[in-house]
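Residue numbers (the numbering used here): 60 to 398.
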């Protein structure tokens, strides 16, 4: 086991880096941020000063060539992920990539191939997996507390302000790879599929809408996925559905129990009564969000130091993109797609 501090280089100093990544890296004693890089030099400089990071750059090559850096945390727009990840891996760095992992399944597999060629770790930053209640639910499902899970329903409705969409890469397909499916959908798909045990998908039927956006990405999507074990997953995601507040929920239906998250409850029938067997106090939404990133980054460091099995690896991330592409195909062609 290697107890040496893992030295981190961050590429992309925008919102997600400042809100989630950098503050949590600073709380992990086993890691140290060595340098911050952003194409906007003023951003890189101001962020490095704000978080007391000793160096900054606007050129990613400075990160790749820095022999002190062990791992690179990529927090840029999706279109740049493949080239940055492959460059970092070829330079001998371990790599963490923010979601969406890549623009396409083909790009993701190129990243995976580079990881294997250069024998470096490649992790997808799927922080939803690292929420405390999902980790607990995973153990319940694995331990058959729910019996056989035959259906899952996941929803994430989060209203976005479209007034600035012309200036944001998220709303431009060539930069983001897609709309709400690549933003909210990829996270819900990843977490629920992981909780189900990653069964092979056999069919998908989907419908997308674009009522609020002036650009070429969907703002709402509904889909159903069938797996080889007979289980089904229904997923609804939207940036524009009118709701009183942001809605993030998941329900797993099993032969012995039903589980929900946000908060976590597991309902079983005991002595003729339906009982929630998870009476523990739930964290508030802000804590769940922040701690999921902390747990994710800590796991990445642990995998580097101890060579332990990675929970969210590049090959799994690629499989998510492959299924997302099938969802888009179904929506575009107006038919069920067999896999």
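Even for Gly, the Cβ is constructed at its ideal location relative to N, Cα and C. This one's a predicted model, so the numbers in the text were calculated from it and none came from an experiment.
Using the Cα positions of residue i and residue j, report the straight-line distance between them to the nearest angstrom.
i           : j           : result
residue 240 : residue 118 : 31 Å
residue 206 : residue 194 : 17 Å
residue 248 : residue 220 : 24 Å
residue 365 : residue 390 : 43 Å
residue 107 : residue 95  : 6 Å
residue 335 : residue 172 : 45 Å
residue 311 : residue 93  : 42 Å
residue 164 : residue 105 : 35 Å
residue 337 : residue 258 : 26 Å
residue 122 : residue 214 : 38 Å
residue 256 : residue 250 : 10 Å
residue 392 : residue 234 : 23 Å
residue 387 : residue 197 : 28 Å
residue 127 : residue 149 : 15 Å
residue 273 : residue 384 : 22 Å
residue 347 : residue 246 : 15 Å
residue 157 : residue 232 : 17 Å
residue 175 : residue 153 : 11 Å
residue 260 : residue 382 : 8 Å
residue 47  : residue 354 : The shown model of the chain, from 60 to 398, leaves out residue 47, and the question about it has no answer.
residue 228 : residue 293 : 28 Å
residue 114 : residue 325 : 48 Å
Which same chain residues, not among the five before or five after residue i, have their C-beta less than 7 Å away from its C-beta?
i           : result
residue 79  : 352
residue 371 : 182, 183, 185 and 188
residue 369 : 180, 182 and 362
residue 89  : 64, 65, 360 and 364
residue 217 : 243, 298 and 305
residue 253 : 188
residue 170 : 141, 144, 145, 161, 181 and 373
Using 8 Å as the threshold, is the C-beta distance between residue i and residue j below it?
i           : j           : result
residue 236 : residue 137 : yes
residue 130 : residue 67  : yes
residue 296 : residue 280 : yes
residue 314 : residue 209 : yes
residue 91  : residue 64  : yes
residue 400 : residue 277 : Outside the shown range of the chain (60 to 398) lies residue 400, about which nothing can therefore be said.
residue 167 : residue 377 : yes
residue 356 : residue 87  : yes
residue 380 : residue 230 : no
residue 103 : residue 72  : yes
Between which residues of its own chain and residue i is the CB-CB distance below 6 Å, once the five residues before and five after are set aside?
i           : result
residue 192 : 320 and 323
residue 155 : 132, 182, 184 and 359
residue 81  : 110
residue 271 : 221, 278 and 299
residue 139 : none
residue 265 : 282, 386, 389 and 390
residue 307 : 215 and 321
residue 267 : 277, 280 and 390
Can you tell me whether residue i is buried or exposed, with buried defined as 16 or more other CB within 10 angstroms of its CB?
i           : result
residue 61  : exposed
residue 83  : buried
residue 302 : exposed
residue 397 : exposed
residue 120 : exposed
residue 141 : buried
residue 275 : exposed
residue 97  : buried
residue 330 : exposed
residue 345 : exposed
residue 116 : buried
residue 238 : buried
residue 367 : exposed
Could you name the residues of the same chain whose beta carbon sits closer than 8 Å to that of residue i, not counting the 5 residues immediately before and after it, in chain order?
i           : result
residue 291 : 209, 210, 211, 283, 284 and 285
residue 262 : 284, 285, 395, 396, 397 and 398
residue 327 : 204, 315, 316, 333, 334 and 336
residue 177 : 148, 149 and 151
residue 201 : 256
Does the CB of residue i have a neighbour CB from chain D at under 8 Å?
i           : result
residue 318 : In summary, chain D is missing from the structure at hand, where a single protein chain is found.
Confirm the yes/no value for this check: CB of residue i, any heavy atom of the ligand NAD, distance under 7 Å.
i           : result
residue 102 : With respect to the ligand NAD, the structure offers nothing, as it holds no ligand at all.
Runs of alpha helix (DSSP H) lying entirely within the segment 291-325, each at least 4 residues, in chain order:
none
So within the segment 65-119, which uninterrupted beta strand (DSSP E) runs reach at least 3 residues, ignoring any that extend past its ends?
65-70, 90-96 and 114-116
Counting only runs of 4+ residues fully inside the segment 171-233, write out the alpha helix (DSSP H) ranges in chain order.
191-201
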